[in-house]
Amino acid sequence: MTNNPILYKLLTYLIATVWLINGLICKVLNYVPRHQEIVGEILGSDYAGVLTTGIGVSEIAMAIWIISGIKSRINTILQIVIIATMNILEFILVPELLLWGRFNILFATCLILIIYYNEFILKRKLAL
612 MTNNPILYKL
622 LTYLIATVWL
632 INGLICKVLN
642 YVPRHQEIVG
652 EILGSDYAGV
662 LTTGIGVSEI
672 AMAIWIISGI
682 KSRINTILQI
692 VIIATMNILE
702 FILVPELLLW
712 GRFNILFATC
722 LILIIYYNEF
732 ILKRKLAL
């Protein structure tokens, strides 16, 4: 099962979908205003809308980069650093605005582990 190219592709598309939904739906289209509130609390409310949209566009770009497969190891490391940094900041600064409060860090950790597994374990096994 671990030497399964279908699982690798499925996880890759799943990870990209997480970035796409968070970027497009939650931030750019602002269907989840809580994201803008979080940005406003951390970076200041004056430019929260513009910054949230910029973050959303960056997340959409991340989804495209993931699907492209270009420099996937660098991409994976960057994803892990971004997710960890963002969630640690939110855990400390605005836990009351998070969907599951401080438990959000558990979901972020699961996502990080899936991203790591897909690139550094599963993909490596497929290459052998």
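For the sequence shown, the numbering used here begins at 612 and goes up steadily by one.
Virtual Cβ for every residue (Gly too), placed ideally from N, Cα, C.
As the structure is a prediction and not an experimental result, all values here were calculated from the model.
Which residues bound the alpha helix (DSSP H) around residue i?
i, result
"N715", "N715 to Y727"
"L737", "K734 to A738"
- Query: In the region 628-710, which residue ranges form an unbroken alpha helix (DSSP H) of at least 4 residues, counting only runs that do not cross its ends?
  - Reply: 645-654, 659-679 and 683-704
- Query: Would the region 704-713 and the region 646-653 be scored as touching if the rule is three or more Cβ pairs under 8 Å?
  - Reply: yes
- Message: Counting beta carbon pairs with one atom in the region 627-634 and one in the region 653-660, are three or more of them shorter than 8 Å?
- Response: no
- Message: So, does the region 660-680 touch the region 710-725, judging by three or more C-beta pairs under 8 Å?
- Response: no
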